[in-house]
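Novice: I'd like to ask some things about the structure below.
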Amino acid sequence: MEYDFKKIEANWKKYWTEQQVYKVSNNSNKPKCYVLDMFPYPSGAGLHVGHPLGYIASDIYARYKRLKGYNVLHPMGFDAFGLPAEQYAIETGQHPAVTTEKNIARYREQLDNIGFCYDWSREVRTSDPKYYKWTQWIFLQLFHSWYDRKEQKARPISELISIFEKEGNTNISCPGDETLQFDSATWKNYSEKERRDCLMQYRIAYQGYAQVWWCEALGTVLANDEVVNGVSERGSHPVERKNMRQWFLRITEYAERLLTSLDNLEWSEAMKEMQRNWIGKSVGAEIEFDVVADIPFVEEDGTVNPGHANILLKVFTTRPDTIFGVDFMVLAPEHEMVDTITLPEQRQAVAEYKTYVKSRSERERMSEVKQITGCFTGAYAFHPFTERQVPVWISEYVLAGYGTGAIMAVPSGDERDHAFAKHFNIPITNIFGDKYNGEEAYSSKTGTIENSDFLSGLNIADASEAAINELVKKGIGKRKVNYKLRDAGFSRQRYWGEPFPIVYVEGVPYGIDESPLPASPQGGGGVAQETSARDLSASLSKGEGDVAQLPVELPFVESYKPGPEGQGPLANIKDWVNISLPLGEGRGEASRETNTMPGYAGSSWYFLRYMDPHNDTEFADRKATDYWNQVDLYIGGTEHAVGHLLYSRMWTKALYDLGHIGFDEPFKKLLNQGMIQGSSRFVFEVIFSFISSRSSKSGRIFVSKTHYQKLKLIENDKGKVIEYLVNTGIDKYNIADIRADTTLRIIRHHIDVNLIYGIELNIPAFKEKFGFNEYNGYLLTEENGAYLCDTEIEKMSKSKYNVVNPDDIVAQYGADTFRMYEMFLGPIDVSKPWDTKGIEGVHRFLKKLWRLYFDDSGLIVNDEAPTEAELRVLHKTIKKIGEDIERFSFNTSVSQFMICVNELAGCHKRAILEPLAITICPFAPHIAEELWHQLGPDGYRDGSVVDAPFPLYEERYVTENTKKYPVAVNGKTRIEMEFPMDAEQADVEQVVLADETIQKWLEGKTPKKFIYVKGKMINVVV
RNA sequence: GCCUCGAUGGCGGAAUUGGUAGACGCGCCAGACUCAAAAUCUGGUAUUCGCAAGGAUGUGCAGGUUCGAUUCCUGUUCGAGGCACCA
2 MEYDFKKIEA
12 NWKKYWTEQQ
22 VYKVSNNSNK
32 PKCYVLDMFP
42 YPSGAGLHVG
52 HPLGYIASDI
62 YARYKRLKGY
72 NVLHPMGFDA
82 FGLPAEQYAI
92 ETGQHPAVTT
102 EKNIARYREQ
112 LDNIGFCYDW
122 SREVRTSDPK
132 YYKWTQWIFL
142 QLFHSWYDRK
152 EQKARPISEL
162 ISIFEKEGNT
172 NISCPGDETL
182 QFDSATWKNY
192 SEKERRDCLM
202 QYRIAYQGYA
212 QVWWCEALGT
222 VLANDEVVNG
232 VSERGSHPVE
242 RKNMRQWFLR
252 ITEYAERLLT
262 SLDNLEWSEA
272 MKEMQRNWIG
282 KSVGAEIEFD
292 VVADIPFVEE
302 DGTVNPGHAN
312 ILLKVFTTRP
322 DTIFGVDFMV
332 LAPEHEMVDT
342 ITLPEQRQAV
352 AEYKTYVKSR
362 SERERMSEVK
372 QITGCFTGAY
382 AFHPFTERQV
392 PVWISEYVLA
402 GYGTGAIMAV
412 PSGDERDHAF
422 AKHFNIPITN
432 IFGDKYNGEE
442 AYSSKTGTIE
452 NSDFLSGLNI
462 ADASEAAINE
472 LVKKGIGKRK
482 VNYKLRDAGF
492 SRQRYWGEPF
502 PIVYVEGVPY
512 GIDESPLPAS
522 PQGGGGVAQE
532 TSARDLSASL
542 SKGEGDVAQL
552 PVELPFVESY
562 KPGPEGQGPL
572 ANIKDWVNIS
582 LPLGEGRGEA
592 SRETNTMPGY
602 AGSSWYFLRY
612 MDPHNDTEFA
622 DRKATDYWNQ
632 VDLYIGGTEH
642 AVGHLLYSRM
652 WTKALYDLGH
662 IGFDEPFKKL
672 LNQGMIQGSS
682 RFVFEVIFSF
692 ISSRSSKSGR
702 IFVSKTHYQK
712 LKLIENDKGK
722 VIEYLVNTGI
732 DKYNIADIRA
742 DTTLRIIRHH
752 IDVNLIYGIE
762 LNIPAFKEKF
772 GFNEYNGYLL
782 TEENGAYLCD
792 TEIEKMSKSK
802 YNVVNPDDIV
812 AQYGADTFRM
822 YEMFLGPIDV
832 SKPWDTKGIE
842 GVHRFLKKLW
852 RLYFDDSGLI
862 VNDEAPTEAE
872 LRVLHKTIKK
882 IGEDIERFSF
892 NTSVSQFMIC
902 VNELAGCHKR
912 AILEPLAITI
922 CPFAPHIAEE
932 LWHQLGPDGY
942 RDGSVVDAPF
952 PLYEERYVTE
962 NTKKYPVAVN
972 GKTRIEMEFP
982 MDAEQADVEQ
992 VVLADETIQK
1002 WLEGKTPKKF
1012 IYVKGKMINV
1022 VV
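Under the working numbering, the first residue of the first sequence carries the number 2, and numbering increases by one thereafter.
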């Protein structure tokens, strides 16, 4: 019987589906294990062989855990909202819902092909209204909450209102506006609008302003991705940064908790470090500088301010110790005070500079450090201690969003400040003595501060303390902890995303659940509603279209054109946007939020939904979330290091704070999978065209690699190129007729890797694809008739023609081979190129395995007693596979299986082969299922191998009694000697030193030292 | 530019805690079977010197720690991912 993987795999896939083998129950006595993959965005290109890498790893782990007796939750779903679908809709007119549905179907088919043990009854799709109903619900929880800094947790905003009524905000500083202060009487006198504006400064989901890419020509806001080289990707129109009102999540309030609770997570140090750096905690000081504003300037309302204003410029610095080295100040060009302090004669230069900066991305501003730009404002600031006047500049290297958007520049101690000072000829004060050489800033954090009044002679830490104390004493500064982390922009001016459950009444945003009726009519016990406008709230729930109901469904549109003034496409649907409320005279106009939520909204909590995916009254039953709890193993790419993973952590913490779930970290253990890169292939083409006396001629000659290399050397000399081609014997096109006025190009370009075997072109397939005939195209091969290509390792992508579809591999070799080969490629977390060629080895291995059980006549398994050697290899394998899976070293597992099968050659004993079939099940489930059933009575068993117990190894078969030691002299291994495992040093020493070879290497010298590490090695030092 | 990671034969990689570098597989070479091919099986395969025995070199590069370094430290080169609206 041959190994007929097609039949076997189709058969068992059908069985698994019919028997619902992978359906998971929330009720079980077994210990639970939650194994999760980062769900994919279903792109139009389908899966390529890189995508399943992590899925296979998690599948192996999930199957192993199930064999080990766990109740394993292993779900899959789709992150189905996103920009590409909308982009595609704009280009083709197909509705994103339609294309997304199609893409999902394709993904599902491809995933099924590989034999994953997903419980598809739990599938989630973020674009499904039944799902995003709860995304909207969670948004409302965040909208109706504020962050209590003293208790370090989110609390319902109704509790904040109670506090304000009692004591104003004297004890609760305002995160949105630190200067805001009011007492209870003021609060009570506020109008409803004023109150809600004030609350907005506290809400965890709030409205603010952010810079976005604005494209006037397209009339739309663009994503960073859509801006290429400073112009729009579509149409190459100019773009600029524009400030627009947006929704945000106040993730900065969680900065400290997000930072400290990283310590308890089983994530790679690299991953934690990336998150730490992203959060970017730094301790320093906030210092106020007086700015000389002795100049008249025009206020916004047109009145002329005579000057002498007490303008204070706040800066944040991590190096308060360098305060005496301040030689100038720099403001972000967007800083709100720039226009205020700029002198009349500098106004034009400043305005021009600001225009320039508007065209620059943050990335460019941070990365192009060698290009120094800036503009003097004409203003000077007083040094707080010396009263010295230092110039105030603006420059793009200072970002508005970080710290206070202004810095005190210390050129002798900071590289960028130094470069800036040198470039603009600003005199530099040295505060580091001879440590500073005048050429390069001294940015090291060791040494003492000099030339700094009361700080002179102190080390950096002490000087910082002293400086801060003095600043506090003078009332012009304070100790300050700063985070690089910024609040998360949460709105997009797009169609294909979750609509906000927000309604504006007279420009004031309300949650659609704000009603005196139960807060969330769908149940779920939401945060207590908050609005104080009785009539208004009541009306909201009675309004047309029953706005109190979630979800707010995404309306169907036919056009994806942006709305007016940069609004999203939803703004064009007047019927949907405008709501009429029976509010009485002049108050009936209400409208919906027209922004949609960003891609990460749905993915920030999907792991919770899998626990209870069909619940219509809650996002998930508390019993279910308590049972499944944290994700035990989460596998995905590092590209999500700071985006998705940080937002998910924040949402989990918020839901925990508000009492909806019982844990505040979503992913206990995280494993990053590397990328599988594409291995691109290139062909070389000589293209020429010329006009002869009678007609115009053109042609293309595909030359093999060695010809290309030679031609490349003479590329600039057409005569020589023609001569070369003629000498190869090409008579086509009358090459010899080609004269010097020919245009002739030699190019190297991508070729579809599916037309290549190794580096050799599949010539018939290539000719067919390119429509070769006697008039079109010619192939110039190597002497042996082969056409050789160039190779390069690149990202796997359609545009590089290096995409390999898993379906093709599965069709040719089977899913089991594909799964094992992906694992065999290397460590799961390392990027590596795909090479289809190597798959033969793994396929051969499975055939070899098969032949232990079957020969031409059929099953050949017997009941003979196994030998010691056979038992040893089996038990070693069981041990190694278990250990390897626990440490996610799947490539070495595959090697071990190969070693095992090699050593078992000729063994057909049930006692060995039955446990082996179960052991290999996580890796190659189809063949394992077949073998396991074949070994049963009459070639069939009840149930599936996935419920068999993973075999246990016996210690006596895996321990060795003796060890062949490498014996080294002076660290260089010279011979091998065998000793019992329990040999003592004295005995070993005697034998080793008596050895002839060792004697020879000792050259008569006496050993200085004898190193004997039990079970490892022996080293003689002379 | 900044943050994180990586670099080992012709190729993918192994070496789990500082202890025999190159397991396993691909490719290549030789042989067996075959009329032949495919498939399968056996042996060899880091570089270099040597007929051989055996020696020297070798884990991106330059140093350091150690009896001993692919592994730890410092510097450096190159490559990958991320840098806040791709997902």
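All C-beta atoms in this analysis are idealised placements derived from N, C-alpha and C, irrespective of residue type, glycine included. Computed from a predicted structure; not experimentally measured.
Which residues in the same chain as R855 place their Cβ atom closer than 7 angstroms to its Cβ, once the five residues preceding and following it in sequence are excluded?
Specialist: On the first sequence, residue 855 is found 854 positions in, with the first residue counted as 1. The question names Arg, but residue 855 is Phe in the sequence shown. Closer than 7 angstroms at the Cβ level, and outside the excluded window around F855, lie M2, I861.
Novice: For N673, list the residues DSSP reports as bridge partners.
Specialist: Position 672 of the first sequence holds residue 673. G637, per the DSSP bridge assignment.
Novice: M330 bridges to which residues according to DSSP?
Specialist: Mapped onto the first sequence, residue 330 falls at position 329. Paired residue(s): V393, M409.
Novice: From V946, K14, Q20, R67, pick the residue whose C-alpha is nearest to that of C34; which is it?
Specialist: The residue you call residue 34 lines up with position 33 of the first sequence. It is R67.
Novice: Am I right that P667 and R682 are in contact with their C-beta atoms under 8 angstroms? What's the rounded C-beta distance?
Specialist: As a position in the first sequence, residue 667 is number 666, starting the count at 1. As a position in the first sequence, residue 682 is number 681, starting the count at 1. About 42 angstroms; that fails the 8 angstroms criterion.
Novice: Tell me whether the segment 715 to 726 and the segment 745 to 754 touch, counting them as touching only if at least three CB pairs, one residue from each stretch, are closer than 8 angstroms.
Specialist: Output reads yes: the segment 745 to 754 touches the segment 715 to 726.
Novice: From this set, P1008, K964, D836, D943, which residue's C-alpha is nearest N971's C-alpha?
Specialist: Position 970 of the first sequence, counted from the start, is the residue given in the question as residue 971. Selected option, being the one with the closest Cα: P1008.
Novice: Can you find the residues in the same chain that come closer than 8 angstroms, C-beta to C-beta, to T1016, ignoring five residues on each side of it along the sequence?
Specialist: Taking the first residue of the first sequence as 1, we reach residue 1016 at position 1015. It should be noted that the sequence gives Gly, not Thr, for residue 1016. K964, M982, listed in sequence order.
Novice: Quick one: measure Cβ to Cβ for T100 and A81, integer angstroms, because I've assumed they're closer than 8 angstroms.
Specialist: In the first sequence, counting from the first residue as 1, residue 100 sits at position 99. In the first sequence, counting from the first residue as 1, residue 81 sits at position 80. Wrong, their Cβ atoms sit about 10 angstroms apart, outside the cutoff.
Novice: In whole angstroms, what separates the C-alpha of N27 from that of A625?
Specialist: The residue labelled residue 27 in the question sits at position 26 within the first sequence. The residue labelled residue 625 in the question sits at position 624 within the first sequence. Each residue's Cα considered, the two are about 7 angstroms apart.
Novice: Between which two residues does the alpha helix (DSSP H) carrying M982 extend?
Specialist: For the purposes of this step, residue 982 is taken as residue 981 along the first sequence, with counting starting at 1. M982 -> no alpha helix (DSSP H), and no H or E assigned at all.
Novice: Considering just the uninterrupted stretch of the beta strand (DSSP E) at M245, what are its terminal residues?
Specialist: In the first sequence, the residue the question calls residue 245 occupies position 244. Looking at the DSSP string, the run of the beta strand (DSSP E) that includes M245 is 241 to 250.
Novice: Sort out for me which residues DSSP pairs W215 with in a bridge.
Specialist: On the first sequence, residue 215 is found 214 positions in, with the first residue counted as 1. The partner list for W215 (beta bridge, DSSP) reads V222, E241.
Novice: By DSSP, does A442 sit in helix, in strand, or in coil?
Specialist: Position 441 of the first sequence, counted from the start, is the residue given in the question as residue 442. DSSP places A442 in coil when its eight states are reduced to three.
Novice: If we count the other Cβ atoms within 10 Å of its Cβ and call it buried at 16 or more, is V1022 buried or exposed?
Specialist: Reading the first sequence from its first residue, position 1021 is the one you call residue 1022. Exposed, because fewer than 16 other Cβ atoms sit within 10 Å of the Cβ of V1022.
Novice: So, with DSSP's three-state summary, where would you put G512?
Specialist: The count along the first sequence starts at 1 and reaches residue 512 at position 511. The answer is strand: DSSP assigns G512 an E or B state.
Novice: To the nearest angstrom, how far is it from the Cα of I162 to the Cα of W652?
Specialist: Taking the first residue of the first sequence as 1, we reach residue 162 at position 161. Taking the first residue of the first sequence as 1, we reach residue 652 at position 651. Going from the Cα of I162 to the Cα of W652 covers about 23 angstroms.
Novice: Starting from G478, follow the beta strand (DSSP E) in both directions and report where the run begins and ends.
Specialist: On the first sequence, residue 478 is found 477 positions in, with the first residue counted as 1. Looking at the DSSP string, the run of the beta strand (DSSP E) that includes G478 is 478 to 484.
Novice: On the DSSP letters alone, give me the boundaries of the alpha helix (DSSP H) that T18 sits inside.
Specialist: As a working note, residue 18 is residue 17 in the first sequence. Here the alpha helix (DSSP H) through T18 covers 6 to 19.
Novice: Along the chain, where does the beta strand (DSSP E) containing S146 start, and where does it finish?
Specialist: Here residue 146 is taken as the residue at index 145 of the first sequence, counted from 1. Taken as a continuous stretch (DSSP letters only), the beta strand (DSSP E) holding S146 covers 146 to 149.
Novice: Please list the terminal residues of the continuous alpha helix (DSSP H) segment that includes I105.
Specialist: Your numbering for residue 105 matches position 104 in the first sequence. Note, I105: alpha helix (DSSP H), 97 to 114.
Novice: Taking all protein chains shown into account, decide if K481 is buried (16 or more other Cβ within 10 angstroms of its Cβ) or exposed.
Specialist: Translated into positions along the first sequence, residue 481 becomes position 480. When all chains shown are included, K481 counts as buried.
Novice: Taking the alpha carbon of V509 as the reference point, which residue from E931, G45, D198 has its own alpha carbon closest?
Specialist: As a working mapping, residue 509 is identified with position 508 in the first sequence. The shortest C-alpha separation from V509 is found at D198.
Novice: Is the separation between the beta-carbon of I105 and that of F79 shorter than 7 angstroms?
Specialist: On the first sequence, residue 105 is found 104 positions in, with the first residue counted as 1. On the first sequence, residue 79 is found 78 positions in, with the first residue counted as 1. Against a cut-off of 7 angstroms, the Cβ pair of F79 and I105 comes out as a contact.
Novice: If I measure Cβ to Cβ from Y354 and keep anything under 8 angstroms in the same chain, skipping five residues before and after, which residues do I get?
Specialist: By 1-based counting over the first sequence, the position of residue 354 is 353. Cβ neighbours of Y354 beyond the five flanking positions: P334, T374, G375, C376, I395.
Novice: Quick check on this structure: which residue in L332, Q372, M409, E388 has the alpha carbon closest to the alpha carbon of L400?
Specialist: Counting from one through the first sequence, the residue named residue 400 turns up at place 399. That would be L332, whose Cα lies nearest to the Cα of L400.
Novice: Helix, strand or coil for P807? Go by DSSP, reduced to three states.
Specialist: Along the first sequence, one-based indexing puts residue 807 at 806. P807 falls in the helix class under three-state DSSP.
Novice: From this set, F421, L789, L37, which residue's C-alpha is nearest N763's C-alpha?
Specialist: Taking the first sequence and counting its residues from 1, one reaches residue 763 at position 762. The candidate whose alpha carbon is nearest that of N763 is L789.
Novice: My output table needs one value for F608: the three-state DSSP class, helix, strand or coil.
Specialist: Reading the first sequence from its first residue, position 607 is the one you call residue 608. F608 falls in the helix class under three-state DSSP.
Novice: Thinking just about the alpha-carbon of each residue, which of R204, V22, C922 is nearest to the one in G944?
Specialist: Counting from one through the first sequence, the residue named residue 944 turns up at place 943. Closest option to G944, Cα to Cα, is V22.
Novice: Alpha carbons only, please: which of E869, V968, K849 is nearest the one belonging to Q1000?
Specialist: Within the first sequence, residue 1000 is the residue found at index 999, counting from 1. With distances taken between Cα atoms, Q1000 lies closest to V968.
Novice: Between V506, T171, H336, I429, which has its C-alpha nearest D328's C-alpha?
Specialist: As a position in the first sequence, residue 328 is number 327, starting the count at 1. The option with the nearest alpha carbon to D328 is I429.
Novice: Can you check whether the CB of K359 is closer than 7 angstroms to the CB of R487?
Specialist: Position 486 of the first sequence, counted from the start, is the residue given in the question as residue 487. Position 358 of the first sequence, counted from the start, is the residue given in the question as residue 359. No, the pair does not count as a contact, with Cβ atoms beyond the cut-off.
Novice: Restricting to Cα atoms, I'd like to know which of R150, Y207, A591, Y822 is closest to D836.
Specialist: Mapped onto the first sequence, residue 836 falls at position 835. Cα-wise, what sits closest to D836 is Y822.
Novice: Could you compute how far the alpha carbon of E865 sits from the alpha carbon of D939?
Specialist: Here residue 865 is taken as the residue at index 864 of the first sequence, counted from 1. Here residue 939 is taken as the residue at index 938 of the first sequence, counted from 1. Using only the alpha carbons, I get a separation of about 19 angstroms.
Novice: For H909, I'd like the list of residues in its chain whose CB is within less than 7 angstroms of its CB, leaving aside the five on either flank, ordered along the chain.
Specialist: If you number the first sequence from 1, residue 909 lands on position 908. Within the same chain, H909 has close Cβ partners L853, I861, V862, N863.
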